[in-house]
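Visitor:
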Amino acid sequence: MTTVALLGLDLVLGLLAVAVWAYAAVRAGTSGLRWALAGLLVLLVRLATALVLAGRGWELAAERVTVGVPLGLLAAAVAIGLLLNARRPDRTGLTAARIALWSAAGASAVSLALTGVVGYPGGPGPAGHDHSHSGGLSVTDLRTPPVGSVKKVELVARTQGVTLPSGRVVDAWTFGSLPGPTLTALVGETLEVTLGNRDITGGVTLHWHGLSVPNGEDGVAGVTQDAVFPGETFVYRFRAEQPGTFWYHTHQHGREGIARGLYGALVVQPAAGAAAGVDLVLPFHTIGTTAILGGTDQVQREVVAANTPVRLRLVNTEQQPRRFALTGAAFRVMALDGVDLNGPTELSDQALRIPAGGRYDLAFTMPAHPVRLAVEGARQTGLLLAGTADAAGPEARVPKATFDPTTYGSPQPVPGMTGEYDVSTTIVLDRLPRVVHGRPALAQTVNGGVYPDIPPIMVAEGDLVRMRVVNRSFETHPMHPHGHHVLVLSVNGRAPTGSPLWLDTFDVQPGEVWEVALRADNPGIWMDHCHNLEHASAGMMFHLAYAGVSTPFSHGPGSPNVPE
Ligand SMILES: [Cu+2]
16 MTTVALLGLD LVLGLLAVAV WAYAAVRAGT SGLRWALAGL LVLLVRLATA
66 LVLAGRGWEL AAERVTVGVP LGLLAAAVAI GLLLNARRPD RTGLTAARIA
116 LWSAAGASAV SLALTGVVGY PGGPGPAGHD HSHSGGLSVT DLRTPPVGSV
166 KKVELVARTQ GVTLPSGRVV DAWTFGSLPG PTLTALVGET LEVTLGNRDI
216 TGGVTLHWHG LSVPNGEDGV AGVTQDAVFP GETFVYRFRA EQPGTFWYHT
266 HQHGREGIAR GLYGALVVQP AAGAAAGVDL VLPFHTIGTT AILGGTDQVQ
316 REVVAANTPV RLRLVNTEQQ PRRFALTGAA FRVMALDGVD LNGPTELSDQ
366 ALRIPAGGRY DLAFTMPAHP VRLAVEGARQ TGLLLAGTAD AAGPEARVPK
416 ATFDPTTYGS PQPVPGMTGE YDVSTTIVLD RLPRVVHGRP ALAQTVNGGV
466 YPDIPPIMVA EGDLVRMRVV NRSFETHPMH PHGHHVLVLS VNGRAPTGSP
516 LWLDTFDVQP GEVWEVALRA DNPGIWMDHC HNLEHASAGM MFHLAYAGVS
566 TPFSHGPGSP NVPE
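Here it is in C-alpha cells:
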C-alpha cells in the first residue's frame, strides 16, 4: 500500500472511530456492546496503520503512535469494561458506561485533532538552531563587485497585450516578450542585468532560479532587496559559473507575477561555446487557460536535417509537476536542474515528470524521420522536428511509464560531501488550520508553522547540512532552496543507485520522505520554499540563514515587499 493511501486510510479510520463510538453511546442500552467492539476493531486497525506509517517515516505518524491511538484505546477499554458491568440484570452502571462511551468518542476526536490541527512536531518547532538574524555582515555586502568586462542586458517589466501565434490575445505582465527573452552567457562571463519597471504597480524583482549567485543578487523582495516599483531600477551582476539551463522570474508577488508572464529562460553555455547542432530552450507555461511551450501556443515546427545533434532544454515554469514525452527518437537525459548527469543512457517510452520550477536537458541525434515532443494535458502545443517544413509528425503520445532519475546513469564519488554533518534538520510539510496573512486559513505548514513564523535553519559557512523532508500532506511540494543545489541522499529510504543527483527543485510527493545534503558555501539569508507558489503564499517558506548575516529589508504588514 502506498504511503499516501495509508495516510488517507488513517484519516478515514479516525473519522470512523469517532462515529462508531458516538453511535455506541447512543445505543448503550441495547446494542451498545456490539458497536463498542466494532469501535475497538477500528482503533486496532488504525493502530496497525499508524505503525506501518511510522515504519515508513517516524514523522509521518509519531503523534498517532505515541498519543492519539493509545488515548483512544485506553478510553475504549474503560468504556467496554463499564458496559460489560452494566449488562448485569440490575443494569446499574449504565449511565457510567454511557459517559465512558462518549468519552471514547471524544478521545478519538482528540486523536484526530492532534493529527489534523496540532500536527507534528506539535507546534511551530524550530527548523534548526534558533539564532538571531542579526550580525556583522549585511546581505547588501554580498554583491558581485563591478568588474571590467560584463555582458549587459536590460529587462523592463510591463503590462502587455500579447497576440499569440494562434491569434489569441492574452493580457500579460512581461519582461518585454512572452516568455521574457532567453538570456545566455558563457561560463566565466559576468552578466549585468538592469531591471526596470514600466507599469507593474505591485513591483517586481529578478530571481535567478538555480544559479548560486551572491546572496545580494538573489532578487527576493524583503530579504535581499526592496521590490522595484514603476520608474525604479535595480542592477544585478553575477558571474556565470555553471553551464546549464536555468530560468529567471520575479520574486515580488511571485504567485501572480510569474503566472501572468514575468519569467524567462537563462542558458549558460560552456566557456568554449555551444555545441554544434540544434539547441532549443522550451519553457512550458500556462497563462490563463492557454498553454505555451517556448513562445507559442501551437505546435512549434523546426526543420532539422538527419544526423544533427539536438539538445532540448525543458523548463517547467508552472505550479504543478508536468509530464513531457518524446516520440520518434531514443534520447538521453543529459542534465537535471542545470547539473550534468553521470553516464546517461538511452531512453524511450518513458515520460519525464518535471517538478514545478525544474529543468530537464535532453539530447539525441536527429533520425531520418520526424520527432515530436508532447506535453501531457496540453495537446494543442508541442514541438515537431522534421527534415522538411511540411512533414507530418508522429502522433503526440505520453507513455504511462515515468522516468526515475534515482536509478538513471552511473554512480560517481562526490568529493566534499562526506563526513560528519554539522547541521541535521527535519522539515515536516503538512496542511493545517493556521492564521496566514492575518486570516484563518487551511495553511501549508512547515513543522507546524507558517512563514514568517518558522525559525530559520541556521548554518555557518563551510557546514555540511543534512535535511530530512517529510510530506504528511496530500499535495506535492516542489521544494526549492535558493543559492545552493542539494545532493539527494535518499528518497523513501532508498539511496539513488545511478548518477549523483544535484537538484535545486525536488518534488516531495504526498507521503514521501527525502534526505538531501548541501554544503554551506554561499553566505547569506536564503529562501527555501515550495515552488507551488500557492503553497508558498499559504505559509510554506522558510530561511536557510548563515550566522552573522543580517538584512536591512523587511516584508509583512506595512511593507510593500511581498516575496511570494
Ligand atoms: Cu507545496
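To convert, note that position 516 of the sequence shown is 531 in the numbering used here; the numbers rise steadily by one, no gaps. Note that CB positions come from ideal geometry on N, CA and C, so glycine has one too.
1) Measuring only the C-alpha atoms, how far is H146 from R483?
2) Let me know if A142 comes out buried or exposed under the rule of 16 or more other beta-carbons within 10 Å of its beta-carbon.
3) Between P229 and the rest of its own chain, which residues show a CB-CB distance below 7 Å, the 5 nearest in sequence each way excluded?
4) So, do the segment 356-365 and the segment 324-338 have three or more beta carbon pairs nearer to each other than 8 Å?
5) Is Y38 helix, strand or coil by DSSP?
6) Between which two residues does the alpha helix (DSSP H) containing P85 stretch?
7) Here's the rule: buried if 16 or more other CB atoms are within 10 angstroms of the residue's CB, otherwise exposed. What is S227?
8) Leaving out the 5 sequence neighbours to the left and right, which residues in its chain are closer than 6 Å to T421 when beta-carbon positions are compared?
9) If I'm right that L518 touches V480 with Cβ under 8 Å, what's the distance once you round it to whole angstroms?
10) Note down, in chain order, each residue of its chain lying with its Cβ closer than 8 Å to the Cβ of K166, except the 5 sequence neighbours on either side.
11) Go to R71, then tell me how far its alpha helix (DSSP H) extends in each direction, as first and last residue.
12) Would you tell me roughly how many angstroms separate the C-alpha atoms of E232 and V465, rounded to the nearest one?
13) Classify S153 as helix, strand or coil using the three-state DSSP reduction.
14) How do the segment 298-312 and the segment 214-224 stand: do at least 3 beta-carbon pairs fall below 8 Å, yes or no?
15) Tell whether a beta-carbon distance below 9 Å holds between A274 and V330.
16) In three-state DSSP terms, what is V19?
17) To the nearest angstrom, report how far apart R103 and H550 are at their CA atoms.
18) V325 lies in the beta strand (DSSP E); which residues open and close that run?
19) Can you give me the Cβ contacts of N537 inside the same chain, cut-off strictly under 8 Å, excluding the 5 residues immediately before and after it?
20) Answer yes or no: does any C-beta atom of chain B fall closer than 9 Å to that of R103?
21) With G272 as the anchor, note down where its alpha helix (DSSP H) starts and where it stops.
22) Under the criterion of a Cβ to heavy atom distance below 8 Å, does M555 qualify as lining ligand 1?
23) For the segment 231-245 against the segment 337-351, do three or more pairs of beta-carbon atoms, one drawn from each stretch, fall closer than 8 Å, so that the two count as touching?
Guide: The relevant details are as follows:
1) The residue you call residue 146 lines up with position 131 of the sequence shown. The residue you call residue 483 lines up with position 468 of the sequence shown. With a pLDDT of 42 at H146, under the threshold of 50, the predicted position of this residue should be treated as unreliable, though the coordinate-derived value follows. Cα-Cα distance, rounded: 20 Å.
2) If you number the sequence shown from 1, residue 142 lands on position 127. Reliability of the predicted coordinates at A142 is poor, the pLDDT of 48 falling under 50, and the value obtained from them is presented with this limitation in mind. Buried, because 16 or more other Cβ atoms sit within 10 Å of the Cβ of A142.
3) Working through the sequence shown from its first residue, we reach residue 229 at position 214. L157, R158, T159, F253.
4) no
5) Taking the first residue of the sequence shown as position 1, residue 38 is located at position 23. In the structure shown, Y38 sits in a helix (DSSP, three-state: H, G or I).
6) Counting from one through the sequence shown, the residue named residue 85 turns up at place 70. Start and end: 84-100.
7) The residue given as residue 227 occupies position 212 in the sequence shown. Its Cβ being crowded by 16 or more others within 10 Å, S227 is buried.
8) Numbered from 1 along the sequence shown, position 406 holds the residue referred to as residue 421. Only V506, P511 meet the Cβ criterion.
9) Within the sequence shown, the letter at position 503 stands for residue 518. Within the sequence shown, the letter at position 465 stands for residue 480. At roughly 15 Å, the Cβ-Cβ gap does not stay under 8 Å, so L518 and V480 are not in contact.
10) As a working mapping, residue 166 is identified with position 151 in the sequence shown. If we look at K166 and ignore the five residues flanking it on each side, its Cβ neighbours are A200, E204, T205, L206, E207.
11) By one-based count along the sequence shown, residue 71 stands at place 56. Its alpha helix (DSSP H) spans residues 47-71.
12) Taking the sequence shown and counting its residues from 1, one reaches residue 232 at position 217. Taking the sequence shown and counting its residues from 1, one reaches residue 465 at position 450. For E232 and V465, the distance between alpha carbons rounds to 26 Å.
13) Within the sequence shown, residue 153 is the residue found at index 138, counting from 1. It is a strand residue.
14) no
15) Taking the sequence shown and counting its residues from 1, one reaches residue 274 at position 259. Taking the sequence shown and counting its residues from 1, one reaches residue 330 at position 315. Not closer than 9 Å, so no.
16) Taking the first residue of the sequence shown as 1, we reach residue 19 at position 4. In the structure shown, V19 sits in a helix (DSSP, three-state: H, G or I).
17) As a working mapping, residue 103 is identified with position 88 in the sequence shown. As a working mapping, residue 550 is identified with position 535 in the sequence shown. Approximately 57 Å, taken between the alpha carbons.
18) The sequence position of residue 325 within the sequence shown is 310, counting from 1. Start and end: 324-331.
19) In the sequence shown, residue 537 corresponds to position 522, counting from 1. Excluding sequence neighbours, N537 sits near S227, P229, N230, G498, H499.
20) In summary, chain B is missing from the structure at hand, where a single protein chain is found.
21) The residue labelled residue 272 in the question sits at position 257 within the sequence shown. G272 -> alpha helix (DSSP H) spans 269-275.
22) In the sequence shown, the residue the question calls residue 555 occupies position 540. Under cutoff, so the answer is yes.
23) no
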